[in-house]
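Peer 1: Read in order, the letters of the sequence shown correspond to residues 1 to 313 in the numbering used here. Backbone N, C-alpha and C fix where the C-beta goes; we use that ideal spot for every residue, glycine too.
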Amino acid sequence: MQSLPMTTMLGSTSKLIMYENFWYVINPSLFRNVLSIQKHFVVKDKDIFIAGLPKTGTTWLKSLLFATVDRTNHPIDKSLLLTHHPQELVYNLESDVYNEAFVYPRPNNLNELPSPRLLSTHISYTSLPKSIKTFGCRILYICRNPVDMFVKKREINEYDQDSLTLPRLEDFFEDFCEGKVIFGPFFEHALEYWKISLEQPYKVLFLKYEDLKDYPSNHLKRLAEFIGMPFSPQEESEGVIQEIVEFCSIKNMKELDVNKNGVINNFFEKKSYFRKGEVGDWANHVKPSMVERIHKLMQEKLEGSGLSFKVLP
Ligand code: A3P
1 MQSLPMTTML GSTSKLIMYE NFWYVINPSL FRNVLSIQKH FVVKDKDIFI AGLPKTGTTW
61 LKSLLFATVD RTNHPIDKSL LLTHHPQELV YNLESDVYNE AFVYPRPNNL NELPSPRLLS
121 THISYTSLPK SIKTFGCRIL YICRNPVDMF VKKREINEYD QDSLTLPRLE DFFEDFCEGK
181 VIFGPFFEHA LEYWKISLEQ PYKVLFLKYE DLKDYPSNHL KRLAEFIGMP FSPQEESEGV
241 IQEIVEFCSI KNMKELDVNK NGVINNFFEK KSYFRKGEVG DWANHVKPSM VERIHKLMQE
301 KLEGSGLSFK VLP
């Protein structure tokens, strides 16, 4: 560890360590969890992963993926999502499985999960275990316009357990622009998965939160095809896609008792995963000068990649 770069986030006590060009929190030791995954995780060909930075819509994608895969076992009115939080149905590798910090019931044996196993991770493509890259498993990557994402991240700086006060928006912004984002930098994280989605479209499906909001049914259809479980013409005509979309909408998920009370991993309030769920909420928080700076940074970072986000109205 001593040979790796470390930094402290501005206006906060969170210390980060850089491993394979991406930042991890030192306490709790996300970094060690990543090493455990690299060393011990045994992939299965049919595994389906959700990847993405925190606060980019991963919980929503978990509900959509779970409901789609499980549709032949349970009709939507009997869905396990009525009795389980999405985080309890699609385990996160570094927080729920290979996590040294928490003691709570967890699937010690990933082999007991039904096939296809649905798993999630915030880890960069670079640091995924090699087997995930070489085996036939699929990855759904979700990304969100960087301004919305950074506003949300600051609102719940979830790993900053030592600090009771939120970092100033300006400090958080400065860190964000310098790439000091847990599991980030933001752009590099997105660009890695973006590149693989272009080179190996059967391996990575790259989704944007904003697109999902605009055309949920179209993207759910793409998702189902990508994982090899397309909706049949009969399902389409019976409105199954629309049913799943509506069931997984933030309005519905927020109202379910199972998502209102209790905590995940002895720490995160279940209801905190469902907030406003709007696109462009940054306009209520961020100064025009910040938007301009991030817009420039985005142009610089994304130039020539074909990846873009709408930020300025
Ligand atoms: P806001 O903070 O903008 O409300 P993640 O799950 O990756 O942490 O992302 C959290 C963001 O996704 C939050 O955004 C949350 O409200 C939003 N979200 C959660 N469930 C959603 C759903 N079913 N539909 C749309 N957005 C959802």
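1. Near Gly-179, what residues of its chain come up, given a Cβ to Cβ distance below 8 Å and the 5 sequence neighbours on each side ignored?
2. Could you tell me which whole alpha helix (DSSP H) segments of length 4 or greater appear in the stretch 63-128?
3. Helix, strand or coil for Glu-210, going by three-state DSSP, please let me know.
4. State the beta-bridge partners of Cys-143 as determined by DSSP.
5. Would Ser-120 pass as a contact of Asn-92 if the rule is Cβ separation under 8 Å?
6. Assign Pro-201 to buried or exposed, taking buried as 16 or more other Cβ atoms, counted over all protein chains shown, within 10 Å of its Cβ.
7. Would the beta-carbon of Tyr-193 fall within 8 Å of that of Val-204?
8. Taking the C-alpha atoms as reference points, what is the distance between Leu-80 and Leu-118?
9. Can you name the start and end residues of the beta strand (DSSP E) that Trp-282 belongs to?
10. Measuring only from the beta carbon, is Thr-7 closer than 7 Å to any heavy atom that is part of the ligand A3P?
11. Only counting the same chain, and skipping five residues up and downstream in sequence, which positions put a Cβ closer than 6 Å to that of Leu-212?
12. Around the C-beta of Leu-307, are 16 or more other C-beta atoms found within 10 angstroms, so that it is buried, or is it exposed?
13. Do you know how far the Cα of Pro-75 is from the Cα of Met-9?
14. Beta carbon of Tyr-209, beta carbon of Arg-144: below 8 Å?
15. Measure the alpha-carbon distance for Leu-89 versus Tyr-125 and round it to whole angstroms.
16. Given a cut-off of 8 Å on the beta-carbon distance, is the pair Lys-271 and Asn-259 in contact?
17. Sorry if obvious, but does the Cβ on Phe-186 come closer than 7 Å to a heavy atom of the ligand A3P?
18. Using a threshold of 8 Å, state whether the C-beta atoms of Glu-94 and Asn-27 are closer than that.
19. Under the criterion of a Cβ to heavy atom distance below 7 Å, does Ser-249 qualify as lining the ligand A3P?
20. Spatial neighbours of His-85 within its chain, please: CB distance less than 7 Å, with the 5 preceding and 5 following residues excluded, ordered by chain position.
21. Please report the straight-line C-alpha distance between Ser-249 and Leu-65, rounded to a whole angstrom.
22. For Ile-142 versus Leu-61, is the C-beta spacing smaller than 8 Å?
Peer 2: This is what the structure holds:
1. Around Gly-179: Trp-23, Pro-185, Phe-186, Phe-187 and Glu-188.
2. Fully enclosed alpha helix (DSSP H) runs of no fewer than 4 residues occupy 86-89 of the stretch 63-128, in order along the chain.
3. Three-state result, Glu-210: helix.
4. Partner(s): Lys-208.
5. Judged by their CB atoms, Ser-120 and Asn-92 are nearer to each other than the 8 Å cut-off.
6. When all chains shown are included, Pro-201 counts as exposed.
7. The answer is yes: Cβ separation under 8 Å.
8. Computed Cα separation, rounded: 14 Å.
9. For Trp-282, no beta strand (DSSP E) segment is defined, and its DSSP state is neither H nor E.
10. Relative to the ligand A3P, the beta carbon of Thr-7 is positioned no closer than 7 Å to any heavy atom.
11. So the qualifying residues of the chain are His-219.
12. Counting other Cβ atoms within 10 Å of its Cβ, Leu-307 reaches 16 or more and is therefore classed as buried.
13. Distance between the alpha carbons of Met-9 and Pro-75 is about 46 Å.
14. In this structure, Arg-144 lies closer than 8 Å to Tyr-209 by Cβ.
15. Rounded to the nearest angstrom, the gap between the Cα atoms of Leu-89 and Tyr-125 is 23 Å.
16. Yes. Within cutoff.
17. No, the beta carbon of Phe-186 sits no closer than 7 Å to any heavy atom of the ligand A3P.
18. Going by C-beta atoms, Glu-94 is not nearer than 8 Å to Asn-27.
19. Yes; taking the cut-off as 7 Å, the Cβ of Ser-249 has a heavy atom of the ligand A3P nearer than that.
20. Excluding the 5 residues flanking it on each side, His-85 has same chain C-beta neighbours closer than 7 Å at Val-258, Asn-259, Ile-264 and Lys-270, in chain order.
21. Roughly 13 Å separates the two Cα atoms.
22. If you check the CB distance, Ile-142 and Leu-61 come in under 8 Å.
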